[in-house]
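Student: Chains R and W are the protein sequences, given in the same order. Letter 123 of the first sequence, counting from 1, is numbered 123 in the numbering used here, and no numbers are missing. Here the numbering used here runs 1000 ahead of the position in the second sequence, where the first position is 1.
Protein chains: 2
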Amino acid sequence: MTSRTAAPRQVRRPSRSQAAGRDHLSLRVWLRLFSCSTLVAARVSSALKREFGSSLARFDVLSQLYREPEGLRMGELSTRTLTTGGNITWLVGALEQDGYVTRSTASEDRRASRVSLTAAGRRHFALMAQAHERWIVEMFSALSAAEQRAMYEALGTAKQGMTSARIP
Amino acid sequence: MTSRTAAPRQVRRPSRSQAAGRDHLSLRVWLRLFSCSTLVAARVSSALKREFGSSLARFDVLSQLYREPEGLRMGELSTRTLTTGGNITWLVGALEQDGYVTRSTASEDRRASRVSLTAAGRRHFALMAQAHERWIVEMFSALSAAEQRAMYEALGTAKQGMTSARIP
DNA sequence: AGGGAATACTTGATATTTGAAGTAATCTTT
DNA sequence: AAAGATTACTTCAAATATCAAGTATTCCCT
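(1) Would W:K1181 pass as an interface residue toward chain R - the criterion being a Cβ-Cβ separation below 8 Å?
(2) Cα separation between R:Q160 and W:A1142?
(3) Mind pulling the chain R residues with CB within less than 8 Å of W:R962?
(4) With a 10 Å radius around its C-beta and 16 neighbouring C-beta atoms as the bar for buried, classify R:E70 as buried or exposed.
(5) R:G99: which of R:R111, R:R110, R:V115, R:T105 sits nearest, CA to CA?
(6) Buried or exposed for W:L1127, please, with buried defined as at least 16 other CB atoms from any protein chain shown within 10 angstroms of its CB.
(7) Could you please give the first and the last residue of the uninterrupted alpha helix (DSSP H) stretch that includes R:L65?
(8) Does any residue of chain R bring its CB to less than 8 Å from the CB of W:W1030?
(9) In chain R, what lies closer than 8 Å to W:Y1152 by C-beta?
(10) Roughly how far, in whole angstroms, is the beta-carbon of R:L65 from the beta-carbon of R:L31, given that I think they are within contact range, below 8 Å?
(11) Say whether the region 131-138 of chain R touches the region 47-55 of chain R, bearing in mind that this needs 3 or more beta-carbon pairs closer than 8 Å, one atom from each stretch.
(12) Is there at least one Cβ from chain W nearer than 8 Å to R:G156's Cβ?
(13) Using 10 angstroms around the beta-carbon of W:H1024, count the other beta-carbons present and answer buried if the total reaches 16, otherwise exposed.
(14) Which residues does DSSP pair with W:R1073 in a beta bridge?
(15) Can you check whether the CB of W:S1026 is closer than 8 Å to the CB of R:V137?
(16) Can you pull the DSSP bridge partners for R:V29?
(17) Please list the terminal residues of the continuous alpha helix (DSSP H) segment that includes W:T1089.
(18) Specify the secondary structure class of W:A1154 as computed by DSSP and reduced to three states.
(19) May I ask you to report which of helix, strand or coil DSSP gives W:S1046?
(20) Assuming the contact rule is C-beta atoms closer than 8 Å, R:L91 and R:A57 should be a hit. Round their C-beta distance to whole Å, please.
(21) Mapping DSSP to helix, strand and coil, what is W:A1007?
(22) Can you name the residues that DSSP bridges to R:S37?
(23) What did DSSP end up calling R:S104 once you bin it into helix, strand or coil?
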């Protein structure tokens, strides 16, 4: 496994000479990335709704919480899922209604609230995650393990570059 | 369970263990793919709104039309942008209001309507597309041309696999 | 200490998206 | 040629998401 991410790379600026060809390429990569992602998301979304009466957004929130036994703050959830604060409030409210999460004022800062999974939420998520993984494996089955590894690394590099450099 | 060979006790079932590894990998690829895509989409979205008072969905529709001088039917737009028919009706309605597209009943099938860009729409899109390409190039600048090419190919394979086999 | 800035979240108005049901035109079959 | 299916799109209500403004709490500076 090449340690691509070990040494953070500097963000390259395309030089004039190679710009045209590369620009075009970046754009094509993005278009495929976007359409691939949208396609998978659409299928997962509809399957989650059909099988569990849930949604991708809810699943995303639950999966963040699943990894954090201590729970997370609203703000942290908002950052990680890349949705607005208002929406997180709404989502967590709905999940709370369903009994999958609990909210409690953080002891160290009474402005903040700490959200965590209930036992039911944990159970519910585990069930969905299992199905979710099956679907994903199926959907990516056209790619070899080597291709998947390469893609995983490249995506890591790309994301790293985007978050370290403030773009745009 | 009778085994004819004296297999070592703790040997792992090869297919199973391999599968487990791959499954995990697919999932990781998807998570990165999704978060990368969401990140770029969020940034492009907000930049499009800030700079042009537009949105990614509108941009997507316009870009499909830009490539088709003959225009497209609503259904075709819906398929290509992966959004529901109702939403396309709404989006095209809004773009029509703004004077960027026109709708006309298709001559060959009077149920269908053919949407195409107006001159203003073409101008508007060209302007946005230029900025859009700059942003994208910047955002993917952490990836070398070779990495981008590999990613492009892999995404093509993945998408191909997803659309040919009907999964899930 | 104590007033202003910053932070963490919620709220309410508004925008966008979906999904299901409805309308009109076309195709199929008899 | 006419009923019945199918297709292409629209409509409308409900679900979901955003944005800006509001509240409460904490931080910072003098």
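Where is the CB? At the ideal position from N, CA and C, for every residue including glycine.
Tutor: Per the coordinate set shown:
(1) In the structure as shown, chain W starts at 1001 and stops at 1168, and residue 1181 of chain W therefore has no counterpart that could be examined.
(2) As a first step, residue 160 of chain R must be located in the first sequence, where it is residue number 160. As a first step, residue 1142 of chain W must be located in the second sequence, where it is residue number 142. About 8 Å.
(3) Outside the shown range of chain W (1001 to 1168) lies residue 962 of chain W, about which nothing can therefore be said.
(4) Stepping through the first sequence from its first residue, residue 70 of chain R is reached at position 70. Classification of R:E70: exposed, given that the 10 Å Cβ count is below 16.
(5) Along the first sequence, read from residue 1 onward, the residue named residue 99 of chain R stands at position 99. Of the listed residues, the one whose Cα sits closest to R:G99 is R:V115.
(6) Locating residue 1127 of chain W in the second sequence gives position 127, where the first residue counts as 1. Burial call: exposed.
(7) Locating residue 65 of chain R in the first sequence gives position 65, counting from the first residue. 56-66 is the span of the alpha helix (DSSP H), which, as asked, contains R:L65.
(8) In the second sequence, residue 1030 of chain W corresponds to position 30, counting from 1. Closer than 8 Å to some Cβ of chain R, the Cβ of W:W1030 qualifies, so yes.
(9) As a first step, residue 1152 of chain W is located in the second sequence; it is residue number 152 there, counting from the start. Result: L25, R28, V29, R32.
(10) Here residue 65 of chain R refers to the residue found at position 65 of the first sequence. Here residue 31 of chain R refers to the residue found at position 31 of the first sequence. With 8 Å as the limit, R:L65 and R:L31 do not qualify as a contact, their Cβ atoms being about 33 Å apart.
(11) yes
(12) The residue given as residue 156 of chain R occupies position 156 in the first sequence. Yes, its Cβ sits closer than 8 Å to a Cβ of chain W.
(13) The residue labelled residue 1024 of chain W in the question sits at position 24 within the second sequence. Exposed is the call here.
(14) Against the second sequence, residue 1073 of chain W aligns to sequence position 73. In the DSSP output, where bridge partners are listed per residue, W:R1073 has W:R1114.
(15) Residue numbering aside, residue 137 of chain R sits at position 137 when the first sequence is read from its first letter. Residue numbering aside, residue 1026 of chain W sits at position 26 when the second sequence is read from its first letter. Their beta carbons are under 8 Å apart, which means R:V137 touches W:S1026 by this criterion.
(16) Within the first sequence, numbered from 1, the residue matching residue 29 of chain R stands at position 29. Answer is none; R:V29 lacks a bridge partner.
(17) Position 89 of the second sequence, counted from the first residue, corresponds to residue 1089 of chain W. Unbroken alpha helix (DSSP H) run through W:T1089: 1085-1097.
(18) One-based indexing of the second sequence puts residue 1154 of chain W at position 154. In the structure shown, W:A1154 sits in a helix (DSSP, three-state: H, G or I).
(19) Counted from its first residue, the second sequence places residue 1046 of chain W at position 46. Here W:S1046 sits in helix by DSSP.
(20) As a first step, residue 91 of chain R is located in the first sequence; it is residue number 91 there, counting from the start. As a first step, residue 57 of chain R is located in the first sequence; it is residue number 57 there, counting from the start. The pair is a contact, with the Cβ atoms about 6 Å apart (cut-off 8 Å).
(21) Stepping through the second sequence from its first residue, residue 1007 of chain W is reached at position 7. Unreliable positioning characterises W:A1007 in this predicted model, as indicated by a pLDDT of 39, which lies under 50. The coordinate reading is nonetheless provided below. DSSP places W:A1007 in coil when its eight states are reduced to three.
(22) Here residue 37 of chain R refers to the residue found at position 37 of the first sequence. Per DSSP, none; premise fails for R:S37.
(23) Working through the first sequence from its first residue, we reach residue 104 of chain R at position 104. The answer is strand: DSSP assigns R:S104 an E or B state.
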